[in-house]
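Quick notes on the structure that follows.
2 protein chains.
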Amino acid sequence: MKQSPFERAEILCVGTELLIGDIVNTNAAYLSRRLAALGIGVYRQAVVGDNPERLAEDVRTALSRADLVLMSGGLGPTYDDLTKETVARVFGRGMQMHTPSLERIEAYFAATGRTMTENNKKQAMMPKGAIVFPNDYGTAPALALENERGQVVVMLPGPPRELEPLFREQVEPYLKKRCVSILVSRNLHIIGMGESAVENELPKELKDSENPTVAPYCVPGEVRLRVTAKASCESQATALCDGMVEQLLALPIGEFVYGIDVPDAAHALVGALAERGLTMATAESCTGGLIAKKLTDVAGCSSVVAGGAVTYQTREKTRILGVDEALIEAHTVVSDSVARDMAVKALSAFDVDLAIATTGYAGPGGGTETDPVGTVYVAVATKDRVASERLSLGARRDRAYIREVASVRAIAMALGVLRGNL
Amino acid sequence: MKQSPFERAEILCVGTELLIGDIVNTNAAYLSRRLAALGIGVYRQAVVGDNPERLAEDVRTALSRADLVLMSGGLGPTYDDLTKETVARVFGRGMQMHTPSLERIEAYFAATGRTMTENNKKQAMMPKGAIVFPNDYGTAPALALENERGQVVVMLPGPPRELEPLFREQVEPYLKKRCVSILVSRNLHIIGMGESAVENELPKELKDSENPTVAPYCVPGEVRLRVTAKASCESQATALCDGMVEQLLALPIGEFVYGIDVPDAAHALVGALAERGLTMATAESCTGGLIAKKLTDVAGCSSVVAGGAVTYQTREKTRILGVDEALIEAHTVVSDSVARDMAVKALSAFDVDLAIATTGYAGPGGGTETDPVGTVYVAVATKDRVASERLSLGARRDRAYIREVASVRAIAMALGVLRGNL
Numbered sequence: 008m009k010q011s012p013f014e015r016a017e018i019l020c021v022g023t024e025l026l027i028g029d030i031v032n033t034n035a036a037y038l039s040r041r042l043a044a045l046g047i048g049v050y051r052q053a054v055v056g057d058n059p060e061r062l063a064e065d066v067r068t069a070l071s072r073a074d075l076v077l078m079s080g081g082l083g084p085t086y087d088d089l090t091k092e093t094v095a096r097v098f099g100r101g102m103q104m105h106t107p108s109l110e111r112i113e114a115y116f117a118a119t120g121r122t123m124t125e126n127n128k129k130q131a132m133m134p135k136g137a138i139v140f141p142n143d144y145g146t147a148p149a150l151a152l153e154n155e156r157g158q159v160v161v162m163l164p165g166p167p168r169e170l171e172p173l174f175r176e177q178v179e180p181y182l183k184k185r186c187v188s189i190l191v192s193r194n195l196h197i198i199g200m201g202e203s204a205v206e207n208e209l210p211k212e213l214k215d216s217e218n219p220t221v222a223p224y225c226v227p228g229e230v231r232l233r234v235t236a237k238a239s240c241e242s243q244a245t246a247l248c249d250g251m252v253e254q255l256l257a258l259p260i261g262e263f264v265y266g267i268d269v270p271d272a273a274h275a276l277v278g279a280l281a282e283r284g285l286t287m288a289t290a291e292s293c294t295g296g297l298i299a300k301k302l303t304d305v306a307g308c309s310s311v312v313a314g315g316a317v318t319y320q321t322r323e324k325t326r327i328l329g330v331d332e333a334l335i336e337a338h339t340v341v342s343d344s345v346a347r348d349m350a351v352k353a354l355s356a357f358d359v360d361l362a363i364a365t366t367g368y369a370g371p372g373g374g375t376e377t378d379p380v381g382t383v384y385v386a387v388a389t390k391d392r393v394a395s396e397r398l399s400l401g402a403r404r405d406r407a408y409i410r411e412v413a414s415v416r417a418i419a420m421a422l423g424v425l426r427g428n429l
Numbered sequence: 008m009k010q011s012p013f014e015r016a017e018i019l020c021v022g023t024e025l026l027i028g029d030i031v032n033t034n035a036a037y038l039s040r041r042l043a044a045l046g047i048g049v050y051r052q053a054v055v056g057d058n059p060e061r062l063a064e065d066v067r068t069a070l071s072r073a074d075l076v077l078m079s080g081g082l083g084p085t086y087d088d089l090t091k092e093t094v095a096r097v098f099g100r101g102m103q104m105h106t107p108s109l110e111r112i113e114a115y116f117a118a119t120g121r122t123m124t125e126n127n128k129k130q131a132m133m134p135k136g137a138i139v140f141p142n143d144y145g146t147a148p149a150l151a152l153e154n155e156r157g158q159v160v161v162m163l164p165g166p167p168r169e170l171e172p173l174f175r176e177q178v179e180p181y182l183k184k185r186c187v188s189i190l191v192s193r194n195l196h197i198i199g200m201g202e203s204a205v206e207n208e209l210p211k212e213l214k215d216s217e218n219p220t221v222a223p224y225c226v227p228g229e230v231r232l233r234v235t236a237k238a239s240c241e242s243q244a245t246a247l248c249d250g251m252v253e254q255l256l257a258l259p260i261g262e263f264v265y266g267i268d269v270p271d272a273a274h275a276l277v278g279a280l281a282e283r284g285l286t287m288a289t290a291e292s293c294t295g296g297l298i299a300k301k302l303t304d305v306a307g308c309s310s311v312v313a314g315g316a317v318t319y320q321t322r323e324k325t326r327i328l329g330v331d332e333a334l335i336e337a338h339t340v341v342s343d344s345v346a347r348d349m350a351v352k353a354l355s356a357f358d359v360d361l362a363i364a365t366t367g368y369a370g371p372g373g374g375t376e377t378d379p380v381g382t383v384y385v386a387v388a389t390k391d392r393v394a395s396e397r398l399s400l401g402a403r404r405d406r407a408y409i410r411e412v413a414s415v416r417a418i419a420m421a422l423g424v425l426r427g428n429l
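Chains as they are written, first to last, in our numbering: chain V, 8 to 429; chain U, 8 to 429.
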C-alpha cells in the first residue's frame, strides 16, 4: 500500500439539514483549517443530502480527484444515515458488526441512564477493514477506509462537538503519518485597529512573505494575524514562525496585540489575573451576562471570577449594586457616569480587585439622538482607578453583534488597565 | 426561452479563504433557506477556490444537473476575482462594460470620500445579456445569466452583509416569476427526548410521508422535527402542514414539544412571561451567565428580565443572594438544596415572579463520586412552588456542552412550571 504524502484533499459533508440551510456548516471550515495546518491542500468542499445515489456519486467524484476525502454526517442511528454503507459499497467492501464499538455504545447508554434502541446498534456496524476511532463524545465511532491506491476516506460524526475533538485527538495523528512538511502557526490577536488599518501598517515585504506567510482575518471586534511557517521539521518551522512574530510585535501594531494563540480575550484576562493572584466581577446591563459567560467559559476561572450582576432593568442597578439613583436621574442609565458607578459598586459588592461594567443600547429598540443604538459605555474599576470609554458600534449592526463586540472591547479594556497600558 | 419552474438548484461558493477554513460559509446556509422557502430544492452545495479551471469545471458540472445555480464570491476588484469571466466563457458570451454600473461605482466612491482604483472598473464589466442587480450595500453588482435551455446562473458578491439583502430584495422577486409551488414549514422544538427515541415514537406512515415530510434534526439539548408541506398555493400548503403538526402533537412526544417555530427555548420563555405580564431573574453558578445571556438575546426582554446574579464563587451565593450557609455546609454547594435556595432567594432579591437557578460541575475539574462532572442541579421558583431536577450530562462531555445543555434544560423547566406541566 502506497504511503506517499497526501496531495489533495476534499471535504464532503452529508446531511439534508445542511442543504435546507437549517445549520451552518462549521465542520467544513474546521476540517479545512486543520488540514491546512498539516500542509494538506483542500481543493473542494461539498455538501450532499441523505440520498444514497447522490452520495455515492459524490464520493466517486471526490476519489477521482483527491487522495484524502474527509466526510462528516450520516453516522447516526436513523434510517437516513447511510455514509458507511455507501462508502463501503464504493470501496467494494461488506459490512460487519464491530464488537468493541457495540460494547462502548451499550456502556454509554447504561452510564447515562438512557435506553438503547435497536437502531443504535447500526452505529457499531463497520465496513470490513475499517480503522475505527472510538468516540468519547457521543455514540457513533469515526472510521477510516483505505484502498489499494493509497486513497483514504475518513468518516466523522456530524455534531461539531464530537467531530472536532475526535479529529484532533485520533484522526490527526493517523493522518500525520503521511505528512512530510510541518506547519507551525501563531495567531496574533489585535483589538483597537480595523482590518484595513492593520493591513496598511504591514510593510510590503512582510505582506508578500511566502514562508512564513502573514494572513489577516477578522472575528467580531478583533483582527487576527495568522503567521504560518513551513519546514521539514518542527523546530525549524517554529524558529521561522517565531522570528516573524517578533518582527510584527516590533511594529506599531505590536501595541494592539493583546495575546498570541489565546482562545480569546477572556482567556487572556483570566490568565493575567490568575498570574497576579487577583479576582474580578462583572456588572452588566446591555451585554446581559455575555461577559460573565465568556469569563466562566475559561476552565479554572473559579479562582479568579467571583461572579457578576446582570442588572438589566434600571431599578436593579440600585437594588442589587447600589448604584446612585441621582446619577441615573442626572445622566440617564446609559451614560459614562453610570457605567463608572456600576464598576465601582461591583468592586465592593463582590469584594474583588477588578470590575467590568457595561450599559448601552443593544437595539433594535432604544437609543437617543446623541446616543443611538450601538452606543455602549464600558468601565473598568480597580482599587486605584476607574477607566471608561464610549463605544459607537453602529446603529445598523444587529443586537447580537453589538453585545458581542461590546463584551470583547470591555474585556480588552480590563486587560489594558491590568497591564498598565491604559 | 422556456419558463418552466426551477426543479433543482445547486449552490457554488467561490473563494480560497473558504477552502483554508478562515471563514465559515454562512452564505450557503442562507441561500439554501431562502430557496427552500421558494419551493426550490437544493441538491448540492459546493466550494471551489479562485482557480479558473476548477471553477469552470464546477460550473459545468452544476449545469449538467441543475437548472438554477446560485454563486457567491469572486466579484471583487482583484486579479483573482474571476466568477463573471468564467461563467461567461462557459455560456459562450463575451464581456462588455455596463455603464449604469460604472456610474454607480464612481458615485459610491465619491460619496464615501474614497479613491476609486482602476481595478474597481472591472466590477462594472458584465457578460453580454446579463441581467444586472445594482448593489446598494457594496461595489460589485449581482447578476444573472440565462441560457436557451432555461438554465439560470445567479452571481452574488461574497460578503454576507451584501449578499443577503441583495438576494432578498432583488434576486428573489426575479426567481419567483418561475416558482409555482409554495412550501410551508413548521419546526417542532423538543426537549427531554433524544433523537433516536423521538424517531422510535414516530409511526411509520408519518416517517415515510412524502408530502408533508417530517424530518428530525438536532441542536445541543434539543431535538427538532421539521414538517414541510408543498402545494400550489399558500393556504393549501399551510393547511397540509398544520394538519401534520396536529397529528404529531397528539402523539406521546407532543408533551415534550416546548414550542413551534420559536428561535429557541429562551424566546419561548420570554414570550410566555410577557403574555402573562410576569418578570423573572436568574441565579447562576456553573452556567456562569449563559442563561441570562440567552434570555437577554431576546429583543424586547427588558419588560420581562429584571436581571440575574452570577454567583460563581461559593461565598458570593451568600453575600449577594443570601443563600443559607448552613445548607452549603450540610449538602455542599452543588446540591438540590442549594439550587432551590438560590432560586428562592433570587425571587426576592430581584422581586420577580419566577427565578431560575443552577449549580453544578461543568468540568473539566471538580466533581465527586456521587456527583461527577456533568452533574448540574437546576431549580425554578415561583411564589407558589419550587421545582428542581438533577441533570446528568455525562462526565465526558466538554465544559461548553454541559453549560449549554444545562442552560437549555433549565429554561425548559421554567417553561414547564409556567405552563403548569410540571
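Cβ atoms here follow ideal geometry from the backbone N, Cα and C, with glycine treated the same way. Owing to the predicted nature of the structure, the values given are computational and were not obtained by experimental measurement.
Kindly indicate which residue of U:F357, U:I335, U:I189 and U:E155 has the alpha-carbon position closest to the one of L247 (chain U). Closest by alpha carbon: U:I189.
Does Y224 (chain V) have its Cβ less than 8 Å from a Cβ in chain U? Interface residue, yes.
Could you give the uninterrupted runs of the alpha helix (DSSP H) lying entirely in the stretch 266–342 of chain U, keeping only those of 4 residues or more? Listed in chain order, they are 272–283, 297–303 and 332–338.
Does the stretch 211–227 of chain V come close enough to the stretch 293–301 of chain V that 3 or more CB-CB pairs lie under 8 Å? Two segments are said to touch when three or more pairs of C-beta atoms, one from each, lie closer than 8 Å; by this definition the stretch 293–301 of chain V does not touch the stretch 211–227 of chain V.
With DSSP as the reference, please indicate the residues paired to N32 (chain U) in a beta bridge. N32 (chain U) has V:N32 as its beta-bridge partners, per DSSP.
Closest by C-alpha distance to Q254 (chain V), when choosing among V:A147, V:Q243 and V:T220: Selected option, being the one with the closest Cα: V:T220.
In this structure, what does DSSP give as the bridge partners for L25 (chain U)? In the DSSP output, where bridge partners are listed per residue, L25 (chain U) has none listed.
Got a sec? Which residues, its chain only, sit under 8 Å from C186 (chain U) by beta carbon, not counting five neighbours each side? Excluding positions up to five away in sequence, the list reads P12, F13, L45, G46 and I47.
Cα-Cα separation, T235 (chain U) to S216 (chain U): In a straight line, the C-alpha of T235 (chain U) is about 10 Å away from that of S216 (chain U).
Does the distance from the CB of T365 (chain V) to the CB of Y319 (chain U) come in under 8 Å? No, the Cβ-Cβ distance between T365 (chain V) and Y319 (chain U) is not below 8 Å.
In angstroms, rounded to a whole number, what distance separates the CA positions of L258 (chain V) and D65 (chain V)? If I take the Cα positions, the gap works out to 48 Å.
Using a Cβ-Cβ distance under 8 Å, would P84 (chain V) count as near chain U? Judged by the 8 Å Cβ criterion, P84 (chain V) is in contact with chain U.
For the stretch 12–38 of chain V, which residues have a CB atom closer than 9 Å to at least one CB atom of chain U, in sequence order? For chain U, the residues of the stretch 12–38 of chain V that bring a beta carbon within less than 9 Å of one of its beta carbons are I18, C20, G22, T23, E24, L25, L26, I27, G28, D29, I30, V31, N32, T33, A35, A36, Y37 and L38, in chain order.
Under a Cβ-count criterion, where at least 16 other Cβ atoms within 10 Å of its own Cβ denotes burial, should T321 (chain U) be classed as buried or exposed? It is buried - the Cβ of T321 (chain U) has at least 16 other Cβ atoms within 10 Å.
With DSSP collapsed to three states, give me the class of Q10 (chain U). In the structure shown, Q10 (chain U) adopts coil according to DSSP, grouped into three states.
Quick check: the stretch 131–138 of chain V against the stretch 151–161 of chain V, are there 3 or more CB pairs under 8 Å? Contact holds: three or more Cβ-Cβ distances are below 8 Å.
Mind pulling the chain U residues with CB within less than 8 Å of I327 (chain V)? In chain order: G314, A316, I327, A356 and F357.
Which residue spans inside the stretch 204–252 of chain U form an unbroken alpha helix (DSSP H) run of at least 4? Counting whole runs of 4 or more residues, the stretch 204–252 of chain U contains the alpha helix (DSSP H) stretches 211–214.
Taking 8 Å as the threshold (beta carbon to beta carbon), is P371 (chain V) in contact with chain U? Interface residue, yes.
Span of the beta strand (DSSP E) holding G48 (chain U)? The continuous beta strand (DSSP E) containing G48 (chain U) extends over residues G48 to V55.
S188 (chain U) - DSSP class collapsed to helix/strand/coil: Assigned with DSSP and collapsed to three states, S188 (chain U) falls in coil, not helix or strand.
Please check if any C-beta of chain U sits within less than 8 Å of the C-beta of G295 (chain V). Yes, because at least one Cβ of chain U sits closer than 8 Å to the Cβ of G295 (chain V).
Which word fits K324 (chain U), buried or exposed, when buried means at least 16 other C-beta atoms lie within 10 angstroms of its C-beta? With 16 or more other CB atoms across the displayed protein chains lying within 10 angstroms of its CB, K324 (chain U) is buried.
Measuring straight from C-alpha to C-alpha, what distance separates S309 (chain V) and M287 (chain V)? Approximately 10 Å, taken between the alpha carbons.
Please confirm whether S203 (chain U) has its beta-carbon closer than 8 Å to some beta-carbon of chain V. So yes, S203 (chain U) belongs to the interface.
Residue-level contact to chain U via CB, E323 (chain V), 8 Å cutoff: Output row for E323 (chain V): interface = yes.
Beta-carbon proximity of D348 (chain V) to V330 (chain V), cut-off 8 Å: Taking 8 Å as the cut-off, the beta carbon of D348 (chain V) is found closer than this to the beta carbon of V330 (chain V).
Return no unless some Cβ of chain U is closer than 8 Å to the Cβ of L177 (chain V). Note that residue 177 (chain V) is Gln in the sequence shown, not Leu. It does not; no Cβ of chain U falls within 8 Å.
Which ranges does the alpha helix (DSSP H) cover as unbroken runs of at least 4 residues, wholly within the stretch 80–167 of chain V, from first to last along the chain? Within the stretch 80–167 of chain V, the alpha helix (DSSP H) runs of at least 4 residues that lie entirely inside it are, in chain order, 90–98, 106–118 and 125–128.
Out of U:P166, U:G56, U:L26 and U:I197, point me to the one whose CA is closest to V435 (chain U)'s CA. Outside the displayed range of chain U (8 to 429) lies residue 435 (chain U), so it cannot be described from this structure.
Within 8 Å (strictly less), CB to CB, does R406 (chain V) reach chain U? True, the Cβ-Cβ gap to chain U drops below 8 Å.
Sub-8 Å separation of L256 (chain U) and V264 (chain U) beta-carbons: Pairing L256 (chain U) with V264 (chain U) gives a Cβ-Cβ distance under 8 Å.
Check the Cβ-Cβ distances between A306 (chain U) and every residue of chain V, and say whether any is below 8 Å. Against chain V, the CB of A306 (chain U) has a partner CB under 8 Å away; the residue lies at that interface.
Alpha carbon of I18 (chain V) to alpha carbon of P166 (chain V), nearest angstrom: Cα-Cα distance, rounded: 15 Å.
In the DSSP assignment, find the unbroken beta strand (DSSP E) run with V430 (chain U) in it and report its ends. Any question about residue 430 (chain U) goes unanswered here, given that chain U covers just 8 to 429.
DSSP three-state call for M200 (chain V): helix, strand or coil? Per DSSP, reduced to three states, the secondary structure at M200 (chain V) is coil, with no helix or strand assignment.
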